[in-house]
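Have a look at the structure below before the remarks.
Protein chains in written order, with the numbering used here: chain S, 26 to 122; chain R, 3 to 193.
Below you can see the structure in the form of structure tokens.
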């Protein structure tokens, strides 16, 4: 690409706004700098949100993996529950089912 | 730039810092806004970033070591804020709150109105269409190429771009070469 073409491309990419736009923007920045109330933009909190998420996931207490014994006992209790249901089924007279 | 000498860090810390700050804004707001707009493709975000860039500069002026110019320092702040904005946008999209592709808040039509009211109708239509096409072409570039192209489009030198983005000058040149090739392909009809 020759220099002329590059200049044309640069001119094409330029941002143009009318004078009133720049004046309004300048006033808003000066007002904000003077400490007039302005709402914080949510996206500005993105780094803080990322840090908070990181802290949450790293600081959260890790639940230890269940030991083989407790797995057995859980299975045993579930088995007992099942047996209970079976007891109930057995206790109900057949004609009422 | 002649004004840049007037609003150096010394004048901002001098007897009339408010006036010096107003001069600094006047001098660089077009540049900062243009960079923010081209990097985010959002008029609202660009206004926010411009405001936040000057606020941050005002607040952290004491941290400015003068190793680069105020211009590249401001652009570095603006580029970092644009990156934050993108992270926020990605996060919003990830949780399903984001807008779809191409649904960014475009500039209000009156923003394109020229200062001479007599020129209005055709200029408005042409300018708005051109703006959409230019923004779409820039959006197609990968992030680093986009940043380099946006700063180059503000007539910054390779050295200034390298300082603003914290890149090696050779890397800036390589990115600009690629970006230019792609932009020429997208916007060839206007060149």
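Glycine included, C-beta positions come from ideal geometry on N, C-alpha and C.
Every value quoted in this text rests on a predicted model; they were computed, and no experiment measured them.
**Prompt:** residue 51/S versus chain R: which residues are under 8 Å apart at the beta carbon?
**Reply:** Neighbours of residue 51/S in chain R, taken as residues whose beta carbon is under 8 Å from its own, are 24, 27, 28 and 31 in chain order.
**Message:** Taking the beta carbon of residue 59/S as the centre, do at least 16 other beta carbons fall within 10 Å, making it buried, or is it exposed?
**Reply:** It counts as exposed.
**Request:** Express the C-alpha separation of residue 155/R and residue 139/R in angstroms, rounding to a whole number.
**Result:** Spanning the two alpha carbons is a distance of roughly 13 Å.
**Asked** Considering only residues of the segment 29-67 of chain S, which uninterrupted beta strand (DSSP E) runs meet the minimum length of 3 residues and lie entirely inside it, listed in chain order?
**Response** Qualifying beta strand (DSSP E) stretches: none in this window.
**Asked** If you measure beta-carbon to beta-carbon, which residues of the segment 134-146 of chain R are closer than 8 Å to chain C?
**Response** Annotation note: the requested chain C is absent from the structure, which comprises protein chains S and R.
**Extent of the continuous alpha helix (DSSP H) run through residue 95/R** = According to the DSSP assignment, residue 95/R belongs to the alpha helix (DSSP H) that extends over 72-96.
**Message:** Going by beta-carbon coordinates alone, are residue 40/S and residue 39/R separated by less than 7 Å?
**Reply:** Going by C-beta atoms, residue 40/S is nearer than 7 Å to residue 39/R.
**Prompt:** What residue from 54/R, 79/R and 149/R has the CA that sits closest to residue 176/R's CA?
**Reply:** The shortest C-alpha separation from residue 176/R is found at 149/R.
**Message:** Between the alpha carbons of residue 83/R and residue 82/S, how many angstroms are there, rounded?
**Reply:** The straight-line gap from Cα to Cα measures roughly 25 Å.
**Asked** Taking only beta-carbon atoms, is residue 250/R less than 7 Å away from chain S?
**Response** Residue 250/R cannot be examined here, being either before or after the span of chain R that is shown, 3 to 193.
**Request:** Measure from the C-beta of residue 77/S to each C-beta in chain R and report whether the shortest distance is under 7 Å.
**Result:** Taking a beta-carbon distance threshold of 7 Å, residue 77/S does not count as an interface residue toward chain R.
**Message:** Rounded to whole angstroms, what is the Cα-Cα separation between residue 53/S and residue 61/R?
**Reply:** The alpha-carbon atoms of residue 53/S and residue 61/R are separated by roughly 16 Å.
**Stretch pair the segment 80-99 of chain R + the segment 50-64 of chain R: three plus CB contacts closer than 8 Å** = Taking one beta carbon from each stretch, the segment 80-99 of chain R and the segment 50-64 of chain R have 3 or more pairs nearer than 8 Å; the two touch.
**Prompt:** Under 7 Å between the Cβ atoms of residue 37/R and residue 152/R?
**Reply:** Yes, these two residues count as a Cβ contact at 7 Å.
**Request:** With a floor of 4 residues, list each alpha helix (DSSP H) that falls wholly inside the segment 19-63 of chain R, ordered by position along the chain.
**Result:** Along the length of the segment 19-63 of chain R, whole alpha helix (DSSP H) runs at least 4 residues long occupy 19-42 and 45-61, reported in chain order.
**Interface flag, residue 160/R vs chain S, CB-CB below 7 Å** = Cβ-Cβ to chain S under 7 Å: no for residue 160/R.
**Request:** Measure from the alpha carbon of residue 174/R to the alpha carbon of each residue in 158/R, 73/R, 87/R and 133/R, then state which is nearest.
**Result:** Considering only alpha carbons, the answer is 158/R.
**Item:** C-beta contact flag for residue 186/R and residue 147/R at 7 Å
**Value:** No.
**Prompt:** Can you give the Cα-Cα distance for residue 45/S and residue 51/S, rounded to whole angstroms?
**Reply:** Rounded to the nearest angstrom, the two C-alpha atoms are 10 Å apart.
**Request:** Would you grab the beta carbon distance between residue 193/R and residue 34/S for me? Rounded to a whole angstrom, and I think it's under 8 Å.
**Result:** Indeed, because the Cβ distance is near 6 Å, the residues count as touching under 8 Å.
**Message:** I need the straight-line Cα distance from residue 135/R to residue 42/R, nearest angstrom please.
**Reply:** Cα-Cα distance, rounded: 15 Å.
**Prompt:** Mind checking whether residue 26/R and residue 166/R have CB atoms under 7 Å apart?
**Reply:** Result no, Cβ atoms of residue 26/R and residue 166/R do not sit closer than 7 Å.
**Asked** In this structure, does DSSP put residue 170/R in helix, strand or coil?
**Response** Three-state result, residue 170/R: coil.
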